[in-house]
Amino acid sequence: MSASPPRKPLIVVPTYNERENLPPLLDRIFEVVPQVEVLVVDDNSPDGTGALADARAATDGRIHVLHRAGKEGLGKAYIAGFKWALERDYTHVFEMDADFSHDPATLPRFLEAADQADVVLGSRWVEGGGTVGWPLRRQLLSKGGSLYARTVLGVDIRDLTGGFKCFHRRVLAAMDLDAIQTRGYGFQIELTWRALRQGFKVVEIPIRFADRVAGQSKMSMRIMSEAFTMVWKLRFGS
Numbered sequence: 002m003s004a005s006p007p008r009k010p011l012i013v014v015p016t017y018n019e020r021e022n023l024p025p026l027l028d029r030i031f032e033v034v035p036q037v038e039v040l041v042v043d044d045n046s047p048d049g050t051g052a053l054a055d056a057r058a059a060t061d062g063r064i065h066v067l068h069r070a071g072k073e074g075l076g077k078a079y080i081a082g083f084k085w086a087l088e089r090d091y092t093h094v095f096e097m098d099a100d101f102s103h104d105p106a107t108l109p110r111f112l113e114a115a116d117q118a119d120v121v122l123g124s125r126w127v128e129g130g131g132t133v134g135w136p137l138r139r140q141l142l143s144k145g146g147s148l149y150a151r152t153v154l155g156v157d158i159r160d161l162t163g164g165f166k167c168f169h170r171r172v173l174a175a176m177d178l179d180a181i182q183t184r185g186y187g188f189q190i191e192l193t194w195r196a197l198r199q200g201f202k203v204v205e206i207p208i209r210f211a212d213r214v215a216g217q218s219k220m221s222m223r224i225m226s227e228a229f230t231m232v233w234k235l236r237f238g239s
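First residue of the sequence shown: 2, per my numbering; consecutive thereafter.
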């Protein structure tokens, strides 16, 4: 019986004005999992994040940079990163925020879980998970959003809106990435929904989600409203 090919993971990190966060994040990622590679997808950040990423990539072959013309939303950035990964021989593709909300220390647990699943979700709302420094109102909003989406879609995923994920390449290869139009929370819900609908095994592992270290949040009422209406389109769509 032939051995399975070695894992070749890629972490996709979208950036827009993350100059303060990116260098320490890269350092921490490689400290925890030296074998991974990172694709920085920069949306023409005015603060020079893209140029900073280029400078790091010039001295470290594990770092790659994909420049986009402007800010089109998180979903579009990830789709561009997924397509880039599928054109190469990566076996697993991560989503990860640039602002330290997602702790790199969790990456080995993702890779371990990925041996038994097609999609691994970092979940705040399973046993052992949670948030750091969040007021009660924000916790209730996030939990309520996941409960709402879970109820409408009829799935048993506790944290549908989380953005710390690992996909086996076969999952992304099976999706029509160009058909995904949502951007923020809705994008995360839609990806998981599509994976489940196609019969892939999705598991959740607990994570502790912290507020960003520096910079400004990209969340907006428009993104939240998009997620609210999008779940009904998924529920009664194809």
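Virtual Cβ for every residue (Gly too), placed ideally from N, Cα, C.
These figures come from a predicted structure and were not determined experimentally.
Query, Result
"Rounded Cβ spacing between L235 and E205 (contact assumed at less than 8 Å)", "The pair is not a contact, with the Cβ atoms about 19 Å apart (cut-off 8 Å)."
"Boundaries (first-last residue) of the beta strand (DSSP E) holding D28", "Unbroken run through D28 is the alpha helix (DSSP H), L23 to V33; no beta strand (DSSP E)."
"Cut-off 6 Å between Cβ atoms - residues of its own chain near A196, not counting five sequence neighbours on either side", "V120, V172 and V203"
"Nearest residue (CA-CA) to A118, options R69, E128 and F201", "F201"
"Residues near L108 by beta carbon distance below 6 Å, same chain, minus five either side", "V33 and V34"
"Alpha carbon of Q199 to alpha carbon of P207, nearest angstrom", "24 Å"
"Among L53, V42 and P47, the one whose alpha carbon lies nearest that of P24", "L53"
"Run of the beta strand (DSSP E) containing I206, from where it starts to where it stops", "V203 to P207"
"Three-state class that DSSP yields for D55 in the structure shown", "helix"
"Own chain residues within Cβ distance below 7 Å of L87, not counting five before or after", "R170, L173 and A174"
"Residues bridged to P15 [DSSP beta-bridge criterion]", "V42"
"Endpoints, beta strand (DSSP E) assigned at S124", "V120 to S124"
"F83 beta carbon less than 8 Å from that of V94", "yes"
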